[in-house]
Amino acid sequence: MNSLWKTIVRTRFVSMNLLLVVAVALGIAAASAVGAPPAFDGQRAFADLEAICAIGPRISGTEGMQRQQDLLVEHFTKLGAECAVQEFDVAHPQTGEPTRLKNLIVSWHPAATERVLLACHYDTRPRPDRELLPRFRDLPFIGANDGASGVALLMELGRQMGSLSPRYGVDFVFFDAEELVYVNGRDDYFLGSEHFAKTYKATPPNYKYVAGVVLDMVADKDLKIYYEVGSLHYARAVSTSVWDAAKRAGVKQFVARRKHEVRDDHLPLNEIARIPTCDVIDFDYPHWHTRNDIPASCSAESLGAVGHVMVEWLSRLPDFSPQR
Ligand code: ZN
Numbered sequence: 163m164n165s166l167w168k169t170i171v172r173t174r175f176v177s178m179n180l181l182l183v184v185a186v187a188l189g190i191a192a193a194s195a196v197g198a199p200p201a202f203d204g205q206r207a208f209a210d211l212e213a214i215c216a217i218g219p220r221i222s223g224t225e226g227m228q229r230q231q232d233l234l235v236e237h238f239t240k241l242g243a244e245c246a247v248q249e250f251d252v253a254h255p256q257t258g259e260p261t262r263l264k265n266l267i268v269s270w271h272p273a274a275t276e277r278v279l280l281a282c283h284y285d286t287r288p289r290p291d292r293e294l295l296p297r298f299r300d301l302p303f304i305g306a307n308d309g310a311s312g313v314a315l316l317m318e319l320g321r322q323m324g325s326l327s328p329r330y331g332v333d334f335v336f337f338d339a340e341e342l343v344y345v346n347g348r349d350d351y352f353l354g355s356e357h358f359a360k361t362y363k364a365t366p367p368n369y370k371y372v373a374g375v376v377l378d379m380v381a382d383k384d385l386k387i388y389y390e391v392g393s394l395h396y397a398r399a400v401s402t403s404v405w406d407a408a409k410r411a412g413v414k415q416f417v418a419r420r421k422h423e424v425r426d427d428h429l430p431l432n433e434i435a436r437i438p439t440c441d442v443i444d445f446d447y448p449h450w451h452t453r454n455d456i457p458a459s460c461s462a463e464s465l466g467a468v469g470h471v472m473v474e475w476l477s478r479l480p481d482f483s484p485q486r
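The numbering of the sequence shown is our numbering, which starts it at 163 and goes up by one.
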């Protein structure tokens, strides 16, 4: 701002109109620097979602997953976050071969010893196995909503982190192998979040997570997000704080009524790591686990709505610290 004024002062033929325009612009800049939350850009998040989907399937242990991870590490490092990869092997559910899984942990204000966690899964289901016709079940599954939506939301939220000063440190955690599931009932879900939770419990770090939010399927064109039953059971205060943030932000897509009980990555966090974590998920998605889970079934407006709520939530986090 200073240099702009200097330029104006040095220019001899500045019309009054230009001065007025500059003064108004500076006034707006000053107003937005004080109090107003940063603007989560749903369109930009949607472009991120398209870029992630353009990689193709991001099945755990594959080249597509590695390319996504490289993209995310570059993205968040450029934004000034610290990136760490938590690696471990599992037996591949089909072949039994060792398969390398990788959770990605992106830390903001890493010195803070009390932290909140925002998480999503970043793997895609191997096959669109809810297709009615068996011949479609071996086609590629893109996972625009079920996979890319949480990733895209955190990518855009990352761009806002520099202008937020949350009460707690913030980690974005990308879980691998939420659904490395070829056969329902045979293959295990939540391999990444379970490993993360077990590691946190077995070798506690020098910080503590006081609350968590899992974001999953948050880009459905027809977005309605209800309280998830297990989240109210394990993390009522966290759940209500998110829906309260939605109310303050005027985001109508968050409905303060319970509806589904969903098995998701929040369960290992609550049950093993004892991090009170709620699941933000729109489970009424007609294209769930079908080949139509593509960007055209998603919308920038929906991503913008959820992003706006998360910015509001981070801006006014309640006191989640354990009572001393
Ligand atoms: Zn899924």
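We put the CB at the ideal spot given by N, CA and C, even for glycine.
For residue i, collect the residues of the same chain with a Cβ closer than 6 Å to its Cβ; drop the 5 residues on either side in sequence, then sort them by chain order.
{"i": "Met323", "result": "Trp270"}
{"i": "Leu233", "result": "none"}
{"i": "Glu212", "result": "Pro457"}
{"i": "Phe208", "result": "Ala462 and Leu465"}
{"i": "Tyr371", "result": "Arg277, Leu279 and Ile437"}
{"i": "Gly226", "result": "Ile217, Gly218, Pro219 and Arg220"}
{"i": "Ala195", "result": "Caution applies to Ala195, whose pLDDT of 46 falls short of 50 and renders its modelled position unreliable; the value that the coordinates give is listed next. Around Ala195: no qualifying Cβ."}
{"i": "Pro367", "result": "none"}
{"i": "Ala418", "result": "Trp405"}
{"i": "Ser432", "result": "Note that residue 432 corresponds to Asn in the displayed sequence, not to Ser. Cβ neighbours of Asn432 beyond the five flanking positions: Tyr396 and Thr439."}
{"i": "Tyr553", "result": "There is simply no residue 553 to check, as the chain begins at 163 and stops at 486 in what is shown."}
{"i": "Gly392", "result": "Glu423"}
{"i": "Gly358", "result": "For clarity, residue 358 is Phe in the given sequence; the question names Gly instead. Taken in chain order, the residues that qualify are Asn265."}
{"i": "Ala407", "result": "Val471, Glu474 and Trp475"}
Please say whether residue j and residue i have beta carbons closer to each other than 8 Å?
{"i": "Phe334", "j": "Leu294", "result": "no"}
{"i": "Gln415", "j": "Ile387", "result": "yes"}
{"i": "Ala306", "j": "Asp455", "result": "yes"}
{"i": "Ala373", "j": "Val400", "result": "yes"}
{"i": "Pro272", "j": "Glu249", "result": "no"}
{"i": "Tyr284", "j": "Asp338", "result": "yes"}
{"i": "Phe238", "j": "Glu318", "result": "no"}
{"i": "Pro296", "j": "Tyr344", "result": "no"}
{"i": "Asp427", "j": "Val376", "result": "yes"}
{"i": "Leu266", "j": "Gln231", "result": "yes"}
{"i": "Gly320", "j": "Leu241", "result": "yes"}
{"i": "Pro430", "j": "Glu340", "result": "no"}
{"i": "Asp378", "j": "Cys440", "result": "no"}
{"i": "Arg425", "j": "Leu394", "result": "no"}
{"i": "Val413", "j": "Val473", "result": "no"}
{"i": "Ala246", "j": "Tyr369", "result": "no"}
{"i": "Pro448", "j": "Ser325", "result": "no"}
Under 7 Å from any heavy atom of ligand 1, does the C-beta of residue i make it?
{"i": "Arg287", "result": "yes"}
{"i": "Glu341", "result": "yes"}
{"i": "His451", "result": "yes"}
{"i": "Asp338", "result": "no"}
{"i": "Asp427", "result": "no"}
{"i": "Asp308", "result": "yes"}
So, at 8 Å on beta carbons, what are the nonlocal neighbours of residue i in its own chain, with the 5 sequence-adjacent residues on each side left out?
{"i": "Arg453", "result": "Pro290, Glu293, Phe298, Leu301, Pro302, Phe303 and Ile304"}
{"i": "Val380", "result": "Asn307, Ser311, Gly312, Leu315, Ile387, Val442, Ile443, Asp444, Ser464, Leu465 and Val468"}
{"i": "Ala253", "result": "Glu259, Pro260 and Thr261"}
{"i": "Pro255", "result": "Leu342, Val343, Tyr344, Val345, Arg348, Asp349 and Asp350"}
{"i": "Arg410", "result": "Glu474 and Arg478"}
{"i": "Asp251", "result": "Pro260, Thr261, Arg262 and Leu263"}
Taking the DSSP output, what are the residues bridged to residue i?
{"i": "Pro260", "result": "Ala253"}
{"i": "Glu244", "result": "Ser269"}
{"i": "Glu276", "result": "Lys370"}
{"i": "Cys282", "result": "Phe336"}
{"i": "Tyr388", "result": "Val417"}
{"i": "Asp382", "result": "Cys460"}
{"i": "Leu377", "result": "Val442"}
Residues in its own chain within less than 7 Å of residue i by CB, not counting five upstream and five downstream?
{"i": "Arg206", "result": "Glu318"}
{"i": "Ser403", "result": "Trp475 and Pro480"}
{"i": "Lys383", "result": "Ser459, Cys460, Ser461 and Ser464"}
{"i": "Ser222", "result": "Thr261, Leu263, Asp285, Asp338, Ala339 and Leu342"}
{"i": "Asp210", "result": "Ala314, Met317 and Glu318"}
{"i": "Ser483", "result": "Glu276 and Val372"}
If we cut at 8 Å on Cβ distances, does residue i have a partner in chain D?
{"i": "Ser464", "result": "The question asks about chain D, but that chain is absent: this structure has only one protein chain."}
Segments assigned alpha helix (DSSP H), at least 4 residues, entirely inside the segment 434-479: Positions of the alpha helix (DSSP H) runs, each at least 4 residues long and wholly inside the segment 434-479, are given as 462-477 in order along the chain.
For a minimum of 3 consecutive residues, which ranges assigned as the beta strand (DSSP E) are wholly contained in the segment 401-429? Counting only runs of at least 3 residues, the segment 401-429 fully encloses the following beta strand (DSSP E) elements, listed from N- to C-terminal order: 416-420.
Ordered list of alpha helix (DSSP H) runs contained in the segment 318-365, each at least 4 residues: Whole alpha helix (DSSP H) segments, 4+ residues: 353-364.
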